[in-house]
Amino acid sequence: MIVLKSEREIKMMQEAGEILASCHKEIQKIIRPGIRTLEINTFVEDYLAARRATPEQRGYRGYPYAICASVNDEICHGFPNKKPLRNGDIITIDMVVNYNGALADSAWSYAVGTISDKALHLLKVTKESLYKGIEQAQIGNRVGDIGYAIQTFVEEEGFSVVRDFTGHGVGPHIHEEPSIPHYGKAGKGIRLEEGMVITIEPMVNAGVWQCKIDENEWTARTVDGKLSAQYEHTIAITSNGPLILTDQSC
Numbered sequence: 001m002i003v004l005k006s007e008r009e010i011k012m013m014q015e016a017g018e019i020l021a022s023c024h025k026e027i028q029k030i031i032r033p034g035i036r037t038l039e040i041n042t043f044v045e046d047y048l049a050a051r052r053a054t055p056e057q058r059g060y061r062g063y064p065y066a067i068c069a070s071v072n073d074e075i076c077h078g079f080p081n082k083k084p085l086r087n088g089d090i091i092t093i094d095m096v097v098n099y100n101g102a103l104a105d106s107a108w109s110y111a112v113g114t115i116s117d118k119a120l121h122l123l124k125v126t127k128e129s130l131y132k133g134i135e136q137a138q139i140g141n142r143v144g145d146i147g148y149a150i151q152t153f154v155e156e157e158g159f160s161v162v163r164d165f166t167g168h169g170v171g172p173h174i175h176e177e178p179s180i181p182h183y184g185k186a187g188k189g190i191r192l193e194e195g196m197v198i199t200i201e202p203m204v205n206a207g208v209w210q211c212k213i214d215e216n217e218w219t220a221r222t223v224d225g226k227l228s229a230q231y232e233h234t235i236a237i238t239s240n241g242p243l244i245l246t247d248q249s250c
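In terms of full-length UniProt numbering, the sequence shown has 63 at position 63, counting the first letter as 1, and numbering is strictly consecutive.
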């Protein structure tokens, strides 16, 4: 069942999104060769606590951390650890913020030091594909319009779109209906309505799109060991077009 959100609920989610976006901006300042992802996890816990917010995914289905920290060939759900990041790595930090009961969800990929031209291109294409998807998040459009816009752009650039993980509705719960694939056919799927709040979060691989799951039963990585990147925003469907609730430009 798809639950439409009121203007008041969307406003509350936007407040959570502003905290999340500001946290990503601060993470960007501390990411450098030598930092450990567990240090980033601690930084996020402290940052949110100081703003009376909490990391919603900690404890979700037993997940033990405040963030997901996915490095290089890790697609998503990477566990923070004590291994120092190295010059040339790329890392995706994904988190869900709960502020006064309202949720916001956003992931961002970062370069660690100086990265290769191929890695830089992967980040650029993945980020641009997110915004191409957001452009399609209009009342009356269909879920397939979002996926088609993302997939066609990504594949034209020589990369692939992960199929095993999708965007989703979000609200009082981290994962709600509908599912938002980042591939598909234009004009197909559920029609978008005013009041829907969804995440669009393309995961893009430098090689093939298939993934495998680590022994921790959480972390997904590319089957060919090539790089993966992800960018994600929480979006409200409104009469004025898509409203990015986790906008980092504010």
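Yeah, the Cβ is synthetic: ideal placement off N, Cα and C, and Gly gets one too.
Which residues DSSP lists as bridging residue i, in chain order
i, result
"Glu74", "Arg221"
"Ser179", "His168"
"Leu243", "Ala236"
"Lys212", "Arg221"
Status (buried if at least 16 other CB within 10 Å, exposed otherwise) for residue i
i, result
"Thr219", "buried"
"Thr222", "buried"
"Cys250", "Reliability fails at Cys250, whose pLDDT of 48 lies under 50, so the model's placement of it is uncertain and the value that follows must be treated cautiously. It is exposed - the Cβ of Cys250 has fewer than 16 other Cβ atoms within 10 Å."
"Asp117", "exposed"
"Asn205", "buried"
"Tyr148", "buried"
"Ser106", "buried"
"Ala49", "exposed"
"Asp214", "exposed"
Residue i at chain C interface by Cβ criterion, 7 Å
i, result
"Pro80", "Included in the structure is just one protein chain, with no chain C present."
CB of residue i within 7 Å of CB of residue j, strictly
i, j, result
"Val143", "Ile180", "yes"
"residue 253", "Ala236", "Nothing can be reported for residue 253: it is not among the residues displayed for the chain, which extend from 1 to 250."
"Gly78", "Ala66", "no"
"Ile75", "Met203", "yes"
"Ser160", "Trp209", "yes"
"Lys132", "Phe153", "yes"
"Thr234", "Ala21", "no"
Inter-stretch contact at 8 Å, needing at least 3 Cβ pairs: the stretch 163–177 / the stretch 116–132: With the cut-off at 8 Å, the stretch 163–177 and the stretch 116–132 do not touch.
Three-pair Cβ contact test at 8 Å for the stretch 176–191 versus the stretch 23–42: Contact between the stretch 176–191 and the stretch 23–42 is absent, because fewer than three Cβ pairs lie under 8 Å.
Residue ranges of each alpha helix (DSSP H) within the stretch 86–137, 4 or longer: If we require 4 residues or more, the alpha helix (DSSP H) runs fully inside the stretch 86–137 come out as 117–135.
Three or more C-beta pairs below 8 Å linking the stretch 78–87 and the stretch 222–231: Not touching, per the Cβ criterion.
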